[in-house]
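Take a look at the structure below.
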Amino acid sequence: MSDVEATPNPELLDKVINLAKRRGFVFPSAEIYGGFRSTYDYGPLGVLLLRNVKNAWWRSMVQLRDDVVGLDAAILSPPAVWAASGHLATFTDPLVDCKQCNERLREDQIDGICPKCGSRDLTPARAFNLMFKTHAGPIEDDGAVAYLRPETAQGMFTNFLNVQVTTRKKPPFGIAQVGKSFRNEITPQNFVFRTREFEQMEMEYFVPPAESPKWFDYWIDERYNWYQALGIDKSKIRIRHHDPDELSHYSTGTADIEFLFPWGWGELEGVANRTDFDLKAHSAASGTKLEYFDQASNERYTPHVIEPAAGATRAMMAFLLSAYEEDEVGGEVRTVLRLHWRLAPYQVAVLPLSKKPELEAVSREVLTMLQNHFMVDYDVTQSIGKRYRRQDEVGTPFCVTIDFDSLEDNAVTLRDRDTTEQVRVPIAELLGVITNRMN
Ligand code: GAP
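First residue of the sequence shown? That's 12 in my numbering, and the numbers climb one at a time after it.
Here is the structure:
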């Protein structure tokens with residue numbers, strides 16, 4: 012566990028937000044209408060980075076394991092699901108209004124003082140349910156009420172039997188899901204850290220009850236290591252166990268994996284021991300027994316659940332913040348995103364030195380060859396130095412430059428983002444050399 016003191020760094024946040032907008036990672040949603048209440052759109056580079064974060068999660072949680080399977084459940088769901096899960100009754104934040112300036116605030120975030128105008132004249136707190144409510148079908152009556160899911164997790168519980176029976180998995184086994192969730196947050200803030208529409212990466216791991224403490228520790232470790240394997244420095248990440256009064260209504264133990272954001276430590280992911288709360292609640296409410304029959308011991312039991320629950324959009328922001336650096340190259344300051352190659356929007360950029368047709372022909376051949384394996388940018392405009400800077404700024408690990416010598420020696424210059432070192436590589440060996448450097 013790291014004990015680095017949080018040192019607020021608002022300039023870093025501004026720089027990353029600025030870069031994200033300027034280079035097409037994240038745009039304010041409906042910007043031409045003045046934006047819309049802390050919602051964001053992911054631009055051409057953002058969609059690649061976000062997809063890579065989700066793919067890296069899926070690879071580690073599903074692809075590389077034989078005990079976890081995937082699911083993609085509906086976003087719209089009936090009130091019965093949320094009544095049983097406890098969200099209708101308890102998924103609330105304490106809302107207060109400032110009587111002086113009418114600001115709406117979360118009581119637990121403000122110490123009794125309005126941060127906007129400094130007044131202590133606040134209304135009493137009332138429980139505000141965070142779920143978005145809508146109607147399914149043309150008639151807006153009570154029978155048509157539906158909710159946008161505030162977490163992906165319930166899809167895994169309501170499908171427990173479907174998945175268990177169709178895959179014949181035995182506990183311990185997990186169901187993983189990546190997708191959008193919605194919360195009507197009172198105070199969305201800090202760019203994409205807290206938004207009303209966001210993406211989650213969640214896995215419910217069903218275990219024999221006696222094994223739950225072991226698997227709780229196991230998943231905390233796995234997830235803590237995952238962020239570091241993708242480049243987050245150990246000094247910027249820590250594990251924080253919840254005090255009993257912080258626990259969610261379903262949890263007997265939760266540990267947050269926290270990142271050192273520019274404003275201090277903040278949650279990236281929660282690993283919770285949800286016990287048999289959800290399966291029992293849905294069994295009772297639906298009348299369908301969500302249990303496992305262990306043939307070996309001839310026992311029927313309700314599995315306990317360990318849940319690593321991460322935010323994809325929030326993780327993307329952490330990876331951007333942690334990768335951002337300014338260093339000096341050739342006497343000039345350069346901005347570089349030292350993103351792990353697995354996360355970088357483009358792994359390679361192909362840069363013909365000139366627009367001459369004979370160079371373009373070779374360059375396009377190289378481009379096509381690399382596109383079969385990687386996301387590749389192709390850039391022919393401005394000086395090669397400027398093009399390197401542009402690629403550094405969006406985190407492209409490798410640039411391939413094709414020059415007039417390439418026509419003679421069938422070789423190209425391969426440049427490394429982090430060291431700026433350049434080496435000559437035969438085109439026939441290029442794919443192998445790049446692939447080796449990525450592993
Ligand atoms: N199923 C458990 C669950 O949803 P949570 O701690 O409320 O637990 C899990 O959410 C993760 O989802 C958080 O650690 C965070 O990364 C992300 N998250 C939650 N609310 C968010 C919001 N309003 N905006 C962006 N990410 C959010």
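C-beta: ideal position from N, C-alpha, C; glycine also.
The structure presented is a predicted model; accordingly, all values stated were derived computationally and were not measured.
Give the secondary structure of residue i by DSSP, where H, G and I count as helix, E and B as strand, and everything else as coil.
i           : result
residue 173 : helix
residue 12  : For residue 12, the predicted structure reports a pLDDT of 41, less than 50, and the residue's modelled location is therefore unreliable. The matter cannot be settled from this model.
residue 279 : strand
residue 154 : helix
residue 267 : strand
residue 436 : strand
residue 424 : strand
residue 197 : coil
residue 443 : helix
residue 380 : helix
residue 166 : helix
residue 286 : strand
residue 356 : coil
residue 431 : coil
residue 227 : helix
residue 235 : helix
residue 241 : coil
residue 364 : coil
residue 253 : coil
residue 375 : helix
residue 370 : helix
residue 386 : coil
residue 187 : strand
residue 259 : coil
residue 448 : helix
residue 392 : coil
I'd like to confirm something about residue i: is its beta-carbon nearer than 7 Å to some heavy atom of the ligand MN, or not?
i           : result
residue 317 : In the structure shown, the ligand MN is absent; the only ligands present are the ligand GAP.
I think residue i touches residue j, with their Cβ atoms under 8 Å apart; what is that distance to the nearest whole Å?
i           : j           : result
residue 174 : residue 80  : 6 Å
residue 385 : residue 64  : That pair is no contact at about 17 Å.
residue 405 : residue 412 : That pair is no contact at about 17 Å.
residue 141 : residue 195 : 5 Å
residue 182 : residue 217 : 5 Å
residue 212 : residue 323 : 5 Å
residue 275 : residue 39  : 24 Å between Cβ atoms; not a contact.
residue 192 : residue 209 : 6 Å
residue 214 : residue 319 : 6 Å
residue 104 : residue 197 : 6 Å
Say the cut is 7 Å; is the CB of residue i nearer than that to a heavy atom of the ligand GAP?
i           : result
residue 257 : no
residue 440 : no
residue 321 : yes
residue 120 : no
residue 162 : yes
residue 318 : yes
residue 233 : no
residue 279 : yes
residue 211 : yes
residue 178 : no
residue 249 : no
residue 325 : yes
residue 263 : no
residue 117 : no
residue 206 : yes
residue 339 : no
residue 194 : yes
What residue from the options has the CA that sits closest to residue i's CA?
i           : options               : result
residue 101 : 260, 446 and 298      : 260
residue 354 : 21, 58 and 51         : 58
residue 382 : 372, 358 and 41       : 358
residue 397 : 372, 345, 441 and 427 : 345
residue 281 : 269, 292 and 291      : 269
residue 143 : 153, 159, 365 and 305 : 159
residue 297 : 139, 126, 171 and 212 : 171
residue 99  : 247, 162, 76 and 240  : 162
residue 114 : 132, 30, 428 and 232  : 132
residue 138 : 108, 128 and 152      : 108
residue 237 : 439, 434 and 351      : 351
residue 332 : 338, 348 and 340      : 348
residue 52  : 70, 244 and 28        : 28
residue 97  : 289, 370, 313 and 309 : 289
residue 303 : 128, 445, 441 and 220 : 220
residue 25  : 106, 189, 328 and 43  : 328
residue 241 : 390, 71, 284 and 441  : 71
residue 48  : 205, 111 and 308      : 205
Completely contained alpha helix (DSSP H) runs for the region 394-422, where each covers 4 or more residues: 395-405 and 415-420
3-residue-minimum beta strand (DSSP E) runs that sit fully inside the region 74-145, ordered along the chain: 79-81, 103-108, 115-117 and 137-140
Alpha helix (DSSP H) runs wholly inside the region 301-351, at least 4 long, in chain order: 323-334
Beta strand (DSSP E) segments (min. 3 residues) lying fully within the region 17-83: 37-39, 51-53 and 79-81
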